[in-house]
């Protein structure tokens, strides 16, 4: 019998990389519910629920708040192709891989891209963005990543939003990794467009990209002179589908079952409690890693709790360590992207996975694997430092 | 407590509309499997399995055969934006809603669209496409829908493929509703690009769009002078992700678990047996509907077995009948699209749902509902005609 005709029996992994994180068991159950039609009254109610809960998680009252039917990059592309027209200027802050991707997509949408390149591992500085803005006659949008998945850096946004608005530009932000893990106040901070993904701190499988669009973004959409280049991502059509239930595309029903359950879990816990939980376990992880003599990559004070980046020590082989963690402990952690491939590890504690148990399990496994690779590691000391940090923060 | 904070408990529906169809129970189980990372060795093996099984279902040896991470329209858009460059001419056969959508997407990709409008309910005639082709200097592609979901019509393709190739144009086909339900021979018929969806005859949830690209399509891709306007749908990047496992986007893991299981079910049954099953139950359904005095919409000889269209009789209210079927029998059937809204019913018997039991259950429910609406219906006669058809075809 061909292998593909056999039952698929994957190993149960603990996903502590940059995402997907493990989905909550209740979310997995929701995925297995029998399907509904995409115009079924029960499903239309579910769409309302999802929209309302997304608003709460984005901390916004935006009418146009909906999940795009694709993964994170689909949300990014949907946001950009709806806001940009050929010839528009966009200033993009690039302090990691995903900032670079924003620039690429904007360029393919025919925009003039002013990429403000910034050191990886550091947050975007308002002065740098200001410089990018100042040279331009008319800027349609300023875009950047809130929590860079490639570096584990969190860029504080309010000052940057002010800058964009001073130049009468839309402020667009990638919250793929930040949403549901750290504070993100769309309305209070004045963010015009925000896009995220289901598989990180929302603890759902990948396949949906929650987005929200404010009044200025809608005005930009309404005053377009050219059609949106993508029909699949056309917000005018999506708006009609989500608001007037007129057919646009067949929504990924089961993924929406999952997202509803994932959002319900977020709201049951409460945003504040959820952010505090991510912060607490991240602090324990960082304490543990430093006690092992490992160097953290992201600048202190700007570390993303849900994603910690570690410099791979000299002489330690990236692939061997990650391979052993996967094979012997069923733990996945991520490697570096771009020029940091082989030089960084990325450790995610996202959503359902942000627990003290996972911190201790990871550190104890990592200690053993590093020792095995010949790296001089004070066995048990990472675990102990994390335990002390956890005990202090009960 | 807010309604959205309560558990979601949808009614169990029998989905006999134009799709999604009910997913097979084994597929739903697969959706609930714990996640894997998108670069996990187990997941990479799964990608190989999916690719190999998709090739068998498409009846092709095409190297580039992969599911696009979105629903059916995403597959259509991916196919078009990769093949077309601004200024290219495409001839589109339009004999229903989805042919019209091909034309719209092609136009947004900057192509010059020659739409060959054809009567809804009839297959596309080679002469009509020939006329569309003859006036053009250079045609990049000819595109159309194999099984029109809006009308229930199946267009025979081989002659049309020959026409396209005589004009040195690519032949692109929408097999959203046809794949897995009727014969579709990508290689034997010479189809260059084919796209489909997971939620029809493959009996999976919506969320993936299987596609396949032949040698001529790859040559067109390789000789592009402009970048593909979409990064999310960029086949060059997707090819690298699927073949060399270099990161492009986070695949919708659970949906791929589901698709693997759905494809396994197709191959376990065998393509021939699956096509015969769809044909058998459709014949019984048609016999039953005609015995009730209902008129079928699609031209005889060109009816799509998996989707039967019925003319709503004078005096019968579309919404009342569909509402009663849904409310009292938990059966969903579809209404008409575009100018046929309120004038047609669309009854799907797709994938897992193409069973004698569903035919008899639908007919018996429909008879009761029609009688209740005051339509003079010979009670029991639709069921009886279907039973006879089924008995004859055992």
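Residue numbers (my numbering), protein chains in the order written: chain A, 18 to 411; chain B, 18 to 411.
All C-beta atoms in this analysis are idealised placements derived from N, C-alpha and C, irrespective of residue type, glycine included.
This structure is a prediction, so every number in the text was calculated from the model and none was measured.
Would you mind working out which of the options sits nearest residue i, comparing C-alpha positions?
| i | options | result |
| --- | --- | --- |
| residue 67 of chain A | A:331, A:329, A:239, A:225 | A:225 |
| residue 177 of chain A | A:336, A:103, A:108 | A:108 |
| residue 186 of chain B | B:168, B:195, B:154, B:392 | B:154 |
| residue 142 of chain A | A:292, A:180, A:127 | A:180 |
| residue 402 of chain B | B:393, B:391, B:373 | B:373 |
| residue 328 of chain A | A:344, A:321, A:310, A:343 | A:310 |
| residue 257 of chain A | A:29, A:278, A:61, A:408 | A:61 |
| residue 407 of chain A | A:381, A:304, A:54, A:39 | A:304 |
| residue 173 of chain B | B:167, B:193, B:157, B:206 | B:206 |
| residue 276 of chain B | B:383, B:306, B:290, B:221 | B:221 |
| residue 135 of chain A | A:117, A:151, A:121 | A:117 |
| residue 192 of chain B | B:280, B:227, B:293, B:255 | B:227 |
Three-state secondary structure (DSSP) at residue i?
| i | result |
| --- | --- |
| residue 208 of chain B | coil |
| residue 392 of chain B | coil |
| residue 331 of chain A | coil |
| residue 367 of chain B | coil |
| residue 25 of chain B | coil |
| residue 230 of chain A | strand |
| residue 310 of chain B | coil |
| residue 262 of chain A | coil |
| residue 122 of chain A | helix |
| residue 67 of chain A | helix |
| residue 152 of chain A | coil |
| residue 158 of chain B | strand |
| residue 84 of chain B | strand |
| residue 193 of chain A | coil |
| residue 32 of chain A | strand |
| residue 250 of chain B | coil |
| residue 129 of chain B | strand |
| residue 257 of chain A | helix |
| residue 202 of chain B | coil |
Under a Cβ-count criterion, where at least 16 other Cβ atoms within 10 Å of its own Cβ denotes burial, should residue i be classed as buried or exposed?
| i | result |
| --- | --- |
| residue 24 of chain A | exposed |
| residue 125 of chain A | buried |
| residue 285 of chain B | exposed |
| residue 209 of chain B | buried |
| residue 93 of chain B | buried |
| residue 110 of chain A | buried |
| residue 395 of chain A | exposed |
| residue 28 of chain B | exposed |
| residue 242 of chain A | exposed |
| residue 260 of chain A | exposed |
| residue 410 of chain B | exposed |
| residue 30 of chain A | buried |
Under 9 Å, do residue i and residue j count as touching if we go by C-beta distance?
| i | j | result |
| --- | --- | --- |
| residue 149 of chain B | residue 133 of chain B | yes |
| residue 32 of chain B | residue 63 of chain A | no |
| residue 195 of chain A | residue 323 of chain A | yes |
| residue 190 of chain A | residue 162 of chain A | yes |
| residue 100 of chain B | residue 234 of chain B | yes |
| residue 229 of chain A | residue 370 of chain A | no |
| residue 352 of chain A | residue 339 of chain A | yes |
| residue 170 of chain A | residue 319 of chain A | yes |
| residue 346 of chain A | residue 137 of chain A | no |
| residue 363 of chain B | residue 325 of chain B | yes |
| residue 131 of chain B | residue 164 of chain B | no |
| residue 301 of chain A | residue 404 of chain A | yes |
Chain B beta carbons: is any one of them nearer than 9 Å to that of residue i?
| i | result |
| --- | --- |
| residue 271 of chain A | yes |
| residue 216 of chain A | yes |
| residue 122 of chain A | yes |
| residue 349 of chain A | yes |
| residue 113 of chain A | no |
| residue 383 of chain A | no |
| residue 28 of chain A | yes |
| residue 415 of chain A | Here chain A comprises residues numbered 18 to 411, so residue 415 of chain A is not present and cannot be evaluated. |
| residue 245 of chain A | yes |
Is there a Cβ of chain A sitting closer than 9 Å to that of residue i, yes or no?
| i | result |
| --- | --- |
| residue 153 of chain B | no |
| residue 213 of chain B | no |
| residue 229 of chain B | no |
| residue 94 of chain B | yes |
| residue 78 of chain B | no |
If we cut at 9 Å on Cβ distances, does residue i have a partner in chain E?
| i | result |
| --- | --- |
| residue 37 of chain B | In the displayed structure, chain E is absent; the protein chains listed are A and B. |
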